[in-house]
Amino acid sequence: MSSKTLIAVFLLLFLGTGTVLAWVDLSEYTRTTECLTDVFFVNNDTGWAVGLNGTIIKTSNGGYEWTNQSLLDVSDDVSGVDFISSSTGWVATTAGEIYKTVNGGSDWYLAYSDSANGYDLEFSDISIFSEYDGWVCGYKGARGCIVRLSTSWPPWRYNHTTGFRIETIYTYGGGTNVFIGRQIHFNAIYALCRRQMNPNPYWPSVLNKRISDIDFCVDNTQLGWTATTNDGCYYTVNGGSNWSTLPGSGGGKFAVTCIDIPGFPPLAWSICDNTNTIYSTRYNGNTPPWENWAIDTVTTTCLYGICSVKGPSFVPSVYVYAVGGNGSLWKNIVGGSDQPISGISSCELLTDVHLIGVTRGAITIEIESDTEVTVEVHIYDVTGRLKSTTDLGSIPEGSSTYTIDHGQGSGSLLPMGVYYCVLDIGRERISTSFVLID
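Take a look at the structure:
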C-alpha cells in the first residue's frame with residue numbers, strides 16, 4: 003500500500019493552536035432564573051449546573067439545551083456538584099444532605115443526611131475522586147466539618163471537625179492529597195498530611211489566605227490554583243506544598259479552574275463575582291511560570307462557578323463554562339489545530355484527500371483511494387455541534403470528486419465562521435478545519 007497523506011487543504015484559513023474564541027452568553031438556554039453556584043462537565047457536551055432552591059439542570063449538547071433535574075421536595079440550596087462519569091455523580095446541599103445518581107441525574111437518592119446525626123450542618127462543597135473515595139465540607143456557625151466517602155459501611159461518615167468554617171474542598175488523590183479552604187476567621191488553606199489516614203488526621207497549613215476555591219490540573223496534579231476573596235489567586239507547581247502569586251493579581255477572586263492537555267500549555271481561568279469579570283492565564287515555564295492574569299470578558303451578571311474540560315476528540319481544544327446569577331451561563335472554547343491529531347488524523351485506507359472548494363452552500367472534496375471504502379462526511383461548528391452529515395456510501399478505487407451540501411436545511415446557509423470537516427472512512431477518521439467567508 004502506498005504511503006498515506008494527511009488532508010491537504012487549499013484556499014482556507016486555519017484556526018491556529020491556542021486561538022481564543024469569544025465568550026458566548028448561553029443564559030437563555032438554561033431556562034431558569036435561579037442563581038447557579040457550581041458547574042461540572044464530564045466532557046465538552048455533558049454537564050450539570052446547580053444552585054439555589056434545589057436547582058439541578060443538565061445539558062447533553064454543550065449548553066444549548068438544558069433539562070430540569072431538580073431535587074423533589076428540597077427547597078434548600080444545592081451548593082456543589084461532582085461526577086465521575088456521565089452516569090454517576092453526587093450533589094451536596096445546605097441542608098447537610100448528599101444525593102447520588104447512577105443514571106445521569108434522572109433519579110437521585112439520599113446518600114447521607116447530617117440531620118440524622120444531629121449535627122445540623124450546612125454543606126458548602128463536594129469533591130469526588132472515585133466511586134468510594136470522596137469528600138464533602140461544610141460548617142455550623144463558626145465551626146467546620148468534613149464528611150468522607152469510603153469503602154466502609156456506611157459509605158459516608160463524619161470525619162473531622164475544625165474551629166473554622168470550611169467553604170471549599172478538593173482532592174486529586176483520594177485520601178492522600180486533599181485540600182480544604184476557609185473563608186472566615188483564621189484565613190487558611192489546609193492540606194491533608196500525605197501519610198496513612200488516622201481517626202484524627204493532621205491538616206498542616208500551607209497558605210494563610212482567605213480561600214474561596216481550589217483546583218488542580220487533572221492530567222498534571224503538580225499544577226494547581228486557589229482563589230482568595232481578598233488577595234487574588236495563588237498557584238503551586240509542586241502539588242500544593244508551596245504557593246505563590248503573580249504580580250498584579252490582587253483583588254478578590256471567587257472561583258478558579260485550570261487544565262493541562264496535550265497540544266496546549268496549561269491554562270487557567272478565574273472569576274470575580276463583584277466585577278462580573280473572567281480572567282485567564284497560561285503556563286510558560288519562565289519566572290514566574292504563569293503569565294499575568296488578563297481580562298477575558300466582563301459579563302452582565304455575577305459569576306459564582308467555573309469549570310474547564312477537554313474538547314471533542316477530533317480537534318485539540320478546551321471548553322470552559324461559567325455560571326452565576328439569574329441562571330446565567332457563559333461558554334468559551336480555546337483550541338483548534340491544523341496539526342495531526344494522534345490516532346485519528348491519518349487513514350490507512352486513503353491515498354490522499356483534498357478539500358478543494360469551499361462556498362457558503364457546499365464544500366468540494368477530492369478523495370483518492372487504492373481500495374473501495376465507505377465514507378461519511380460530518381460538519382461541526384467550533385462548539386462541537388453537528389451541523390450536517392452526508393453519507394457518500396461506497397467510494398470506488400481511484401480518484402473521485404464530491405460536492406457536499408453543508409447548509410442547515412430549508413435552503414438556509416451556515417453563517418460565516420470556523421467549521422470542522424470530519425470524514426469517517428470505514429472505522430477510521432480524519433479531520434480538518436475550514437472557514438466560511440462571504
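Sequential numbering of the sequence shown, starting at 3, is according to our numbering.
Here a beta-carbon is modelled for each residue, glycine too, at the ideal position from N, C-alpha and C.
Local conformation of Ser152 per DSSP, three classes: coil
Inside the region 27-105 only - beta strand (DSSP E) runs reaching at least 3 residues: 38-43, 49-53, 58-61, 68-70, 80-85, 91-95 and 99-103
If you draw a straight line from the C-alpha of Glu102 to the C-alpha of Phe218, how long is it? The question names Glu, but residue 102 in the sequence shown is Lys. Taking the straight line from one Cα to the other gives about 24 Å.
Where Ser347 falls, given that 16 or more other Cβ within 10 Å makes a residue buried: Bear in mind that the predicted position of Ser347 carries a pLDDT of just 34, short of 50, making it unreliable; the figure below should be weighed with that in mind. Buried is the call here.
Run the CB neighbour count on Asn294, radius 10 Å, all protein chains shown included, and call it buried at 16 or more, exposed below. exposed
The region 259-276 contacting the region 210-229, beta-carbon criterion three pairs below 8 Å: yes
Per the DSSP calculation, Trp441 is bridged to which residue(s)? One cannot answer for residue 441 here, as it falls past the ends of the chain, which runs 3 to 440.
Applying the criterion that 16 or more other CB atoms from any shown protein chain within 10 Å of the CB defines a buried residue, is Pro206 buried or exposed? exposed
Name the DSSP beta bridge partners of Trp332, please? Asp27 and Ala324
Candidates Thr39, Glu133, Val93 and Leu305: closest to Ser272 by CA position: Leu305
Cβ neighbours of Glu378 in the same chain (closer than 6 Å, five flanking residues each side left out): Asp393 and Asp426
Tell me whether the beta-carbon of Tyr134 lies closer than 8 Å to the beta-carbon of Ser115. no
Contacting residues, own chain, Cβ-Cβ under 6 Å from Pro201 (five flanking each side not counted): Model confidence at Pro201 stands at a pLDDT of 43, short of 50, so the residue's coordinates are unreliable and nothing is read from them.
Close-in-space but distant-in-sequence residues of the same chain around Val44 (CB under 6 Å, 5 per side omitted): Phe85 and Ser88
Per-residue burial, Tyr285 [other beta carbons within 10 Å of its own, 16 or more giving buried]: buried
Under three-state DSSP, which class holds Phe243? Reading off the sequence shown, one finds Ser at residue 243, where the question assumed Phe. Three-state result, Ser243: coil.
Look at Ala296 and Trp227 and say whether their C-beta atoms are less than 8 Å apart. no
Would Trp137 be called buried (16 or more neighbouring beta carbons within 10 Å of its own) or exposed? buried
Return the bridge partner residues of Asp116 from the DSSP annotation. Its beta-bridge partners do not exist; DSSP assigns none.
Can you tell me which of the three DSSP states Asn161 falls into? strand
Run through DSSP, which three-state label would Cys304 get? coil
Quick one: what does DSSP say Asn276 is sitting in, helix, strand or coil? coil
Out of Ile130, Arg159 and Val80, point me to the one whose CA is closest to Glu124's CA. Val80
Near Asn328, which residues of its chain fall below 6 Å by C-beta distance, leaving aside the five closest residues on each side in sequence? Thr35 and Thr303
Using a threshold of 8 Å, state whether the C-beta atoms of His162 and Ile148 are closer than that. yes
What residue does the beta strand (DSSP E) around Asn222 start on, and which one ends it? Asn222 to Thr230
Ignore the nearest five residues each way along the sequence and tell me which others in Ala94's own chain have a CB closer than 6 Å to its CB. Ser81, Gly82, Ile100, Phe125, Ile128 and Val138
Counting only the same chain and skipping the five closest in sequence on each side, list residues whose C-beta sits under 7 Å from that of Leu112. Glu99 and Tyr101
Taking 8 Å as the cut-off, decide whether the C-beta atoms of Gly307 and Thr39 are in contact. yes
What span of residues does the beta strand (DSSP E) with Ala364 cover, start to end? Ala364 to Ser371
Do you know how far the Cα of Val311 is from the Cα of Thr376? 32 Å
Cβ-based burial, Asn334 [other Cβ within 10 Å; buried from 16]: buried
Among residues of its own chain, excluding the 5 on either side of Val300, which ones have a beta-carbon nearer than 6 Å to its beta-carbon? Asn278 and Thr279
Which term fits Cys423, buried or exposed, when burial requires 16 or more other beta carbons within 10 angstroms of its beta carbon? buried
Given Tyr321, which residues of its chain have a CB within under 6 Å of its CB, disregarding the five upstream and five downstream residues? Asn46, Val311, Gly313 and Ile335
Below 8 Å between beta carbons: does that hold for Gly106 and Tyr323? no
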